[in-house]
Every structure is written in structure tokens, then in C-alpha cells.
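**Q** One rule links them: number in this note's numbering = place in the sequence shown (from 1) + 1401.
Beta carbons are placed, not taken as given, at the ideal position from N, Cα and C, and that holds for glycine.
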Amino acid sequence: MKKIEAIIRKSKYRVVKEALHDVGVNFFSYWDVTGLGNEKEGHVYRGVSYSTSDIQRRHLAIVVNDDFEEITINTILKAASTGEVGDGKIFVSDVNECYRIRTGEKGGESLK
């Protein structure tokens, strides 16, 4: 099993969520996060432009079986991309075990 964590633009969340549902990823967690990065998000207020180092993003956490890793990553890459600096990052790590609390099932079956 793999844990896929994606940090994406908040404006792309709906598109990413729908794309993940279309390929069969129906469960994931998400948080609104603030971070620092190479992008300097600009704001204009009454004709005055200024930038801030705090960038608003959405953090997705998805656990999938190994055979679904590539599909999930490619879906996020395609749906979240604008081609501009600040589109985000994807991190992949191994998950040793998973349990469904309700039934006590463990392993990949608990993800279905």
C-alpha cells in the first residue's frame, strides 16, 4: 500500500476531487494549509500590488493499493496542473498496514 500526499492549489481542488472520483478513488482526507514556497502570490488592493510569503494550499492524503498508485498520481498531475509555478507537490510513502475499525479487516482489503 502507498500513501500519496498532494499539496495543490485550492482553486484546483474541485477538479482534482472529481477526477479522483472518476478513476475510483472515493476516499481521502484533506486539510487547508499555509506554506512557503518559490511562488510569491501577488495581491492587488486599490491598485497597489503587494506580495505575501504565505501561500494558501490544500493538502490531500490518499492511501491506495500498490496497483493503484500510478493511476492516482497521474490523475492528480493532470487535474492539478496549470503549468505555472506553485502548482504543488506529490509525495509517496509506503504504508505497512491498514485496518478497518468497524470489521477488523486488515491489509489491502480494508481499503475497498
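Just curious, the beta strand (DSSP E) that residue 1471 is in, first and last residue?
**A** Here residue 1471 belongs to no beta strand (DSSP E); instead the alpha helix (DSSP H) covers 1470-1481.
**Q** Please report the Cβ distance between residue 1413 and residue 1480, rounded to the nearest whole angstrom; I am assuming they are in contact, meaning their Cβ atoms lie under 8 Å.
**A** Yes, they are in contact, since the Cβ atoms of residue 1413 and residue 1480 sit about 7 Å apart, within 8 Å.
**Q** Can at least three beta-carbon pairs, one atom from the segment 1499-1510 and one from the segment 1420-1436, be found at a separation below 8 Å?
**A** Too few Cβ pairs lie closer than 8 Å, so no.
**Q** Taking 6 Å as the limit between beta carbons, can you name the residues of its chain near residue 1461, skipping five residues before and five after?
**A** Result list for residue 1461: 1407, 1429, 1431, in chain order.
**Q** Measuring CB to CB, does residue 1464 end up less than 7 Å from residue 1416?
**A** No, the Cβ-Cβ distance between residue 1464 and residue 1416 is not below 7 Å.
**Q** Would you kindly report the start and end of the unbroken alpha helix (DSSP H) that includes residue 1414?
**A** Segment 1414-1423, the alpha helix (DSSP H) holding residue 1414.
**Q** For residue 1488 and residue 1436, what's the separation of their Cα atoms in angstroms?
**A** Rounded to whole angstroms, residue 1488 to residue 1436 spans 13 Å at the Cα level.
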